[in-house]
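J.:
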Amino acid sequence: MCSKYGDFDRPLTATQLEPLLRVSSPDNLDVPAVYAKASAHLNEIFPSHLSSISSSSAHVDTHELEPALELAMRYKVDSETKKTLLYRVATSTEFDPTGAHDPSGPSPEPISSDPAVAAAHPALSARTLRICHRVLASLIADFTPTLFTVGGAQHMACTDVMAERWMDDVIGPALKDGGVGQPLEALKRIEKAAEGWREYGLCEECVGWLKEEWEGEREAIWKRLDGWIEEAEKAEDAAEASQ
Numbered sequence: 000m001c002s003k004y005g006d007f008d009r010p011l012t013a014t015q016l017e018p019l020l021r022v023s024s025p026d027n028l029d030v031p032a033v034y035a036k037a038s039a040h041l042n043e044i045f046p047s048h049l050s051s052i053s054s055s056s057a058h059v060d061t062h063e064l065e066p067a068l069e070l071a072m073r074y075k076v077d078s079e080t081k082k083t084l085l086y087r088v089a090t091s092t093e094f095d096p097t098g099a100h101d102p103s104g105p106s107p108e109p110i111s112s113d114p115a116v117a118a119a120h121p122a123l124s125a126r127t128l129r130i131c132h133r134v135l136a137s138l139i140a141d142f143t144p145t146l147f148t149v150g151g152a153q154h155m156a157c158t159d160v161m162a163e164r165w166m167d168d169v170i171g172p173a174l175k176d177g178g179v180g181q182p183l184e185a186l187k188r189i190e191k192a193a194e195g196w197r198e199y200g201l202c203e204e205c206v207g208w209l210k211e212e213w214e215g216e217r218e219a220i221w222k223r224l225d226g227w228i229e230e231a232e233k234a235e236d237a238a239e240a241s242q
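Reminder that position 232 of the sequence shown reads as 231 in numbering that gives the first Met the number 0, one-by-one numbering, no gaps.
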C-alpha cells in the first residue's frame with residue numbers, strides 16, 4: 000500500500016485523499032506513515048491560518064472545500080486546518096441553501112430522507128451541515144453588535160468621520176454581500192475602508208490605530224471560533240444521544 004499510495008509528489012484532491020485517509024486510519028488498517036502523510040497533504044492544500052482568509056474576493060470553490068471539510072471532520076487532521084475549512088464552508092451561502100439541515104428550524108422528517116436535499120451537497124454529512132449552521136449562528140451573534148455599532152477613534156473629529164462613513168462603507172456592503180456572516184472578511188474590508196477615510200479627514204494616527212484594533216478583533220474571533228466549534232460538536236453529540 001505504501002509504495003502504491005504513498006507517493007504525494009503530485010497534487011491530490013480531497014476526493015483522492017479520502018480513500019487514503021479511510022484505509023490507513025487507526026480504525027481501519029492503521030498505517031501511520033500513510034495516514035500522517037495524507038493528513039499533512041490536506042493541510043498543504045488548504046492553508047490553515049487567519050491570513051489565508053482575507054477578503055470575500057479570495058473565494059475558493061465550495062465544491063472543493065466541502066469534501067476536504069468532511070475529511071477534516073471525520074479524521075484526525077490538523078485542528079487549524081479543520082477550523083479553516085469549517086469557517087469557509089459555514090460562511091459560504093451555498094452549504095445549505097434551503098436550510099433543511101438547520102437545527103434551529105423545523106425538521107419534521109429525518110434530514111437524509113429527502114434525496115434532493117442529500118444530492119445537493121453529497122460530500123457533507125447531515126451532522127457536518129448541522130455543525131456548520133451552529134457555527135454560523137455563533138459567528139453572526141458575535142459579530143452583529145460590532146458591525147452595527149460605530150466605534151470610536153482616538154480623536155473626536157476622527158470619530159465623527161467614522162460615524163459619517165459607517166453606513167455607506169461598512170454596514171451597506173456587509174448587508175449586500177452577506178458580510179454579517181463573514182466577520183473575518185468584513186473586518187478586513189473595514190481596515191481597507193479606513194485607509195480611504197483619509198480624504199474625509201481621518202488622521203494618519205487614527206488610521207493606523209483603527210487598523211490595529213480591527214485586526215485584533217479578527218484574531219479574537221479566530222480564537223473564539225475554537226470554542227464555538229467545540230460547542231457545536233457537543234450539541235450534535237447530545238442531540239444524537241437523545242434520539
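Each residue gets a CB set at the ideal place from its N, CA and C atoms; glycine is no exception.
1. So what does DSSP say about Asp159, is it helix, strand or coil?
2. Alpha carbons only, please: which of Pro102, Ser50 and Glu184 is nearest the one belonging to Ser91?
3. Tell me the DSSP secondary structure of Ala192 in three-state form.
4. Under a three-way DSSP split, which group does Thr12 fall into?
5. Could you give the DSSP three-state label for Asp95: helix, strand or coil?
6. Closest to Met72 by CA distance: which of Glu229, Ala238, Glu239 and Ala240 is it?
7. Per DSSP, what kind of secondary structure is Asn27 in: helix, strand or coil?
8. If you draw a straight line from the alpha carbon of Asp141 to that of Gln181, how long is it in whole angstroms?
9. So, with DSSP's three-state summary, where would you put Thr83?
10. Measure the C-alpha to C-alpha separation of Glu65 and His48 and round it to an integer number of angstroms.
11. What does the Cβ neighbour count give for Arg223, buried or exposed, with the cut at 16 atoms within 10 Å?
12. Would you call Arg126 buried or exposed, if buried means 16 or more other Cβ atoms sit within 10 Å of its Cβ?
13. Using a Cβ-Cβ cut-off of 6 Å (strictly less than) and excluding sequence neighbours within five positions of Val22, which residues of its own chain qualify?
14. Taking only the alpha-carbon atoms, compute the straight-line gap between Leu209 and Trp196 and give it to the nearest angstrom.
15. For the putative contact between Glu63 and Ser124, defined by C-beta atoms under 8 Å, what is the C-beta separation to the nearest angstrom?
16. Can you grab the Cα-Cα spacing for the pair Glu232 / Leu128, in whole Å?
17. Report the three-state DSSP secondary structure of Cys205 (helix, strand or coil).
T.: With the given structure in hand:
1. Three-state result, Asp159: helix.
2. Here the closest residue by C-alpha is Glu184.
3. Helix, per DSSP.
4. Here Thr12 sits in coil by DSSP.
5. Assignment of Asp95 by DSSP, reduced to helix, strand and coil, places it in the coil class.
6. It is Glu229.
7. DSSP, read as helix, strand or coil, puts Asn27 in coil.
8. Spanning the two alpha carbons is a distance of roughly 11 Å.
9. Looking at Thr83 - three-state DSSP - the assignment turns out to be helix.
10. Between Glu65 and His48, the C-alpha separation is close to 18 Å.
11. Counting C-beta atoms within 10 angstroms of its own C-beta, Arg223 has fewer than 16 neighbours from the protein chains shown and is therefore classed as exposed.
12. Burial call: buried.
13. Result list for Val22: Leu28, in chain order.
14. Between the alpha carbons of Leu209 and Trp196 lies a distance of about 11 Å.
15. At roughly 17 Å, the Cβ-Cβ gap does not stay under 8 Å, so Glu63 and Ser124 are not in contact.
16. Rounded to whole angstroms, Glu232 to Leu128 spans 11 Å at the Cα level.
17. Correct three-state label for Cys205: helix.
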